[in-house]
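Here's the structure we're looking at; comments come further down.
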DNA sequence: AATTCGGGGGC
DNA sequence: GCCCCAGAATT
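In the UniProt record's numbering, the protein residues as written are 1 to 349.
Okay, structure coming up:
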């Protein structure tokens, strides 16, 4: 059964390996690593333009390692999961400074890099060096769960262990790179999450889920998502084109991105309530006692929370100092700083 | 072991 | 609205 599976994946790939990716047939470990970091929890079509821009800006990993933090975060702006960007920079600098700019060529060396977990290490090791490590991503979980009829939840320790072992069992050791790309392509193109193409699937005759009509029931996830609501009120004082900004540094969303002076509340508040908050007084200064104009509410859906934001122009004072912790920046400098999408959209007008 | 980290796209 | 995406780090 396992041999049938492996042979089927490889055979499918021989006829359908036409899914074009910028890094297919790529052997430069830097490019493979970069693409894999960008594609973590990210659709290929969303990540592709970022990959192209990063390669153009930083042809070698030493170029990336030498780049200023802010320039790199600006290039990452809009891609999400910003810890990836921070870890990517750290890893690039590790390679540049501790490995003389040469990307590590062992599984242990690769997995020691920041931001490189089990999946990414296996992907780099197999794609760049054909080392026999099986990738285990969302595609692989789904394909294995369906073909072998496994209903163990994938988001548990037991599930991860079981699927990791199975993925390694069905890996053809001599063709690790080709096979790893093949099973992920197969999962994306044939064994899709919704409406998989079972009628034309060469594995369906031995597919446990298809034979039992369970393709919609596996893979299983055990956890349910809880989404909180948060209300952000951004305060803009009327000082020409200057903006007051600071970098977000707390243990919260959007680390290393910038923001305007802002008040957060756990529930919506009226303009009058906002004006009466001590936090408003502290941020606005004594000269700003009213809301001159306000944007309609904008929403931003994150994985675990919904952000409701309004942008409020406050007045009447125009010559005020930046609030504590903020600095004044020109429009030109704003273009070089990274912001969360909800602020990027506001700045675009 | 559970939680948290964006943003986009499909249905 | 809900689920998923070439997952990893932190708590």
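The beta-carbon is built from N, C-alpha and C at its ideal position, and this holds for glycine as well. Predicted model, so just to flag it, every value in this text is computed and none were measured.
Check: Is there contact between the stretch 91–100 and the stretch 53–70, where contact requires at least three CB pairs shorter than 8 angstroms?; Outcome: yes
Check: Can you tell me whether DSSP reads residue 264 as helix, strand or coil?; Outcome: strand
Check: If you drop the 5 nearest sequence neighbours on each side, which residues of the same chain put their C-beta closer than 8 angstroms to that of residue 293?; Outcome: 312 and 313
Check: Taking the beta strand (DSSP E) that residue 245 belongs to, which residues open and close that run?; Outcome: 243–247
Check: What are the uninterrupted segments assigned as alpha helix (DSSP H) that are 4 or more residues long and contained completely in the UniProt domain "HhH-GPD" (38–189), given in chain order?; Outcome: 44–57, 61–66, 69–76, 83–98, 107–111, 118–129, 138–147, 157–169 and 176–189
Check: Counting pairs of beta carbons, one from the stretch 285–301 and one from the stretch 209–225, are three or more of them closer than 8 angstroms?; Outcome: no
Check: Taking the straight line between their C-alpha atoms, what separation do you get for residue 150 and residue 20?; Outcome: 31 angstroms
Check: When the Cα atoms are used, what is the spatial distance from residue 49 to residue 118?; Outcome: 25 angstroms
Check: Pairing CB atoms from the stretch 154–164 with CB atoms from the stretch 187–201, are three or more of them under 8 angstroms?; Outcome: no
Check: By the 10 Å Cβ neighbour count, where 16 or more other Cβ atoms means buried, how is residue 59 classified, buried or exposed?; Outcome: exposed
Check: Tell me, please, which residues DSSP counts as bridged to residue 306.; Outcome: 229 and 301
Check: What span of residues does the alpha helix (DSSP H) with residue 292 cover, start to end?; Outcome: Unbroken run through residue 292 is the beta strand (DSSP E), 288–294; no alpha helix (DSSP H).
Check: Rounded to whole angstroms, what is the Cα-Cα separation between residue 267 and residue 222?; Outcome: 30 angstroms
Check: For the pair the stretch 245–259 and the stretch 281–293, tell me if three or more CB-CB distances fall below 8 angstroms.; Outcome: no
Check: Just checking residue 60 against the ligand COA - is the residue's beta carbon closer than 8 angstroms to any of the ligand's heavy atoms?; Outcome: The model on display carries no ligand, and the ligand COA is accordingly not part of it.
Check: Between 230, 323 and 51, which lies nearest to residue 303 when the distance is taken from Cα to Cα?; Outcome: 230
Check: Assign residue 342 to one of three DSSP states: helix, strand, or coil.; Outcome: helix
Check: Can you find at least 3 beta carbon pairs, one from the stretch 79–91 and one from the stretch 3–14, that sit closer than 8 angstroms?; Outcome: no
Check: Nearest by alpha-carbon distance to residue 330: which of 134, 51, 316 and 241 is it?; Outcome: 241
Check: Could you give the C-beta distance for residue 171 and residue 219, rounded to a whole number, given that I count them as a contact under 8 angstroms?; Outcome: Going by Cβ atoms, the distance from residue 171 to residue 219 rounds to 19 angstroms, so no, they are not a contact pair.
Check: Could you say which of 187, 228, 124 and 215 lies nearest to residue 305 if we only look at CA atoms?; Outcome: 228
Check: Give the DSSP-derived three-state secondary structure of residue 19 in the structure shown.; Outcome: coil
Check: Check whether the stretch 175–182 and the stretch 123–130 touch, using three or more Cβ-Cβ pairs below 8 angstroms as the test.; Outcome: yes
Check: Could you name the residues of the same chain whose beta carbon sits closer than 8 angstroms to that of residue 263, not counting the 5 residues immediately before and after it, in chain order?; Outcome: 232, 233, 235, 274, 277, 279, 280 and 283
Check: Out of curiosity, what's the CA-to-CA distance linking residue 104 and residue 22?; Outcome: 22 angstroms
Check: Just list the residues that DSSP pairs residue 237 with in beta bridges.; Outcome: 314
Check: Can you give the beta carbon distance from residue 258 to residue 337, rounded, assuming they're within the 8 angstroms contact cut?; Outcome: 5 angstroms
Check: So if DSSP puts residue 202 in a beta bridge, which residue, or which two residues, is it bridged to?; Outcome: Answer is none; residue 202 lacks a bridge partner.
Check: Can you find the residues in the same chain that come closer than 7 angstroms, C-beta to C-beta, to residue 128, ignoring five residues on each side of it along the sequence?; Outcome: 27, 29 and 32
Check: Determine the burial state of residue 319: buried for a count of at least 16 other Cβ atoms within 10 Å of its Cβ, exposed for fewer.; Outcome: exposed
Check: Below 7 angstroms CB to CB, which residues in the same chain sit around residue 110 once its five sequence neighbours on both sides are set aside?; Outcome: 104, 116, 121, 124 and 125
Check: Nearest to residue 146 by CA position, among 290, 323 and 217, is which residue?; Outcome: 217
Check: With H, G and I counted as helix, E and B as strand and the rest as coil, what does DSSP make of residue 319?; Outcome: coil
Check: Enumerate in chain order the residues of its own chain whose CB-to-CB distance from residue 102 is below 8 angstroms, with the five nearest sequence positions on each side excluded.; Outcome: 95
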